[in-house]
Amino acid sequence: ERLQGMTNQDVKQLDRAHVFHSWSTQGTLNPLAIKSGEGCRLWDFDGREYLDFSSQLVNTNIGHQHPKVIAAIQAQAAELATVAPAHANATRSLAAEKVLAHAPKGFEKVFFTNAGADANENAIRMARAYTGRDKVLSAYRSYHGNTGSAIVATGDFRRVPNEYSRGHVHFFNPYFYRTEFWSADEAEECQRALHHLRRVIESEGPASIAAILLETIPGTAGVLVPPKDYLKGVRALADEFGIVLILDEVMAGFGRTGQWLALDDFDVIPDLVTFAKGVNSGYVPAGGVMISEALNRYFDDHFFYGGLTYSGHPLAMAAICATLDVMAEEQIVENAARIGQEVLTPGLQRLAQQHEVIGEVRGLGVFHAIELVEDRQSRQPLSDAAMGQIKQHMLDAGVLPFVANNRIHVVPPCIVSAEEAQQGLAVIDEALSALKR
Ligand code: PLP
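Just so you know, the sequence shown maps onto residues 5 to 441 in UniProt numbering.
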């Protein structure tokens, strides 16, 4: 009842009084109030509409409030709203089967978690148990989640204040626009990044390294699509040194790139795949680890020291089953690929020709980034003040953007129509034209 008639101002006041927010200084926050959504649209408490060009945290791949998924969650809630992970439950088993239908060949089982961070946490634990080794190698340009090992495996600035656990080593992943290797082209970037990784492995002592953990396409770090052969090269290094390869598909997986999994574009088969977000568009929190044959065999007769009260929670599982069905029936992955090829890639290239402030555009499917720079020569990242102007301009024009450092991540839901994608690009165009520096 108290919710009736609440305005944006009321909701924000209540939030600021009692809600402690992620990754922020609490005293300076001014959150956007959001009341409801449908498809790619959101509404605030004053009835104002937004086109969601963020997919929230790049997770609502099927858009907001898909009626079949909402109905499946409601039906499951009516039958059994929760169950212990040790019991066999049909919805959970079906969800695992449906997830594995999109895994590389040889993947047999899924360990369900609450989200992406604990998916990585448990994948790391499996790799450590399997190899009897301790160290995890991961990239500086990465985000793997907010729990113990996942945040220390993360490369970005959020790792450093949380770095209490040992056994993590970082390396530079390829990023040709800002090459660490003085590369002349993508092929050289690939070769040199692989040489660097080999030297890190050799210098750390291969017999101490349990896993290499990599986002197939680093997302939060800037949608860094790797050179074509990089992941294949990492796989070869992992094989050579007996290291478990974990690909983190939490953001890139389940449709975002125009493939069911981002790894489908890279001719690579990892040992473990972690997922969350798009698997059920976040309607109920869920994540998991897909486990390949060799690790499955190992755990057939070795105890797995890991578990969660809500592993395979029935509401999350019902949401997974319905989401994956809907994605196939409505060809949502194909839509993401088509929108990427026909609208976003050419549209962003056009913007790059028109606006000097764009240093680079990159991406695929509905997973793109625009990198903004003070000038193209120095490639110095555009200032926070200018990025703030761009974000505000887009919000004022009714488009909710995903802004990270000096980048706009162009990440609408996978169901986005060509018209909606064009609308978002037009607002980015206006925001860049209006930029005062
Ligand atoms: N891995 C990647 C690649 C992510 O992008 C994220 C979240 O953004 C995570 C892991 C952590 O997922 P969660 O926030 O669901 O724990």
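Glycine included, each C-beta is placed from N, C-alpha and C at the ideal position.
Bear in mind the structure is a predicted one, so any value in this text is a computation, not a measurement.
Taking all protein chains shown into account, do 16 or more other C-beta atoms lie within 10 angstroms of the C-beta of Glu424, making it buried, or fewer, making it exposed? buried
Of the choices Ala266, Leu319, Val414, Phe175, whose alpha-carbon is the least far from that of residue 4? No statement about residue 4 is possible, as the shown extent of the chain runs from 5 to 441 and does not include it.
Lys222: buried (16+ other C-beta within 10 angstroms of its C-beta) or exposed? The question names Lys, but residue 222 in the sequence shown is Pro. When all chains shown are included, Pro222 counts as buried.
Just to confirm my understanding: we take Thr313, look at its own chain, exclude 5 residues before and 5 after, and list those with CB closer than 8 Å. What are they? Ala88, Pro89
Which whole runs of the alpha helix (DSSP H) in the region 321-386 are 4 residues long or more, in chain order? 336-343, 349-358
When you compare the CB positions of Thr117 and Met321, do they come within less than 7 Å of one another, or not? no
With DSSP collapsed to three states, give me the class of Val227. coil
Pairing CB atoms from the region 185-201 with CB atoms from the region 150-167, are three or more of them under 8 Å? no
Buried or exposed for Val23, please, with buried defined as at least 16 other CB atoms from any protein chain shown within 10 angstroms of its CB. exposed
Can we count Val254 as close to the ligand PLP, meaning its CB is less than 6 Å from some heavy atom? yes
Going by beta carbon distance, what residues of the same chain come within less than 8 Å of Ser212, once the five residues before and after it are set aside? Arg137, Asp138, Lys139
Pull up the distance between the alpha-carbon of Ala119 and that of Phe258, whole angstroms please. 14 Å
On the three-pair Cβ rule with 8 Å, is the region 333-349 touching the region 260-274? yes
Should Val62 be labelled buried (16 or more other beta-carbon atoms within 10 Å of its own) or exposed? buried
Phe308, DSSP secondary structure in three states: coil
From the DSSP output, which residues share a beta bridge with Ala143? Phe175
Pick helix, strand or coil for Arg408, following the three-state DSSP scheme. It should be pointed out that residue 408 corresponds to Ala in this sequence rather than to Arg. Reduced to three states, the DSSP call for Ala408 is strand.
From Ala256 to Leu235, what distance separates their C-alpha atoms? 14 Å
Could you give the C-beta distance for Pro178 and Pro210, rounded to a whole number, given that I count them as a contact under 8 Å? Contact flag wrong, Cβ pair sits at about 21 Å.
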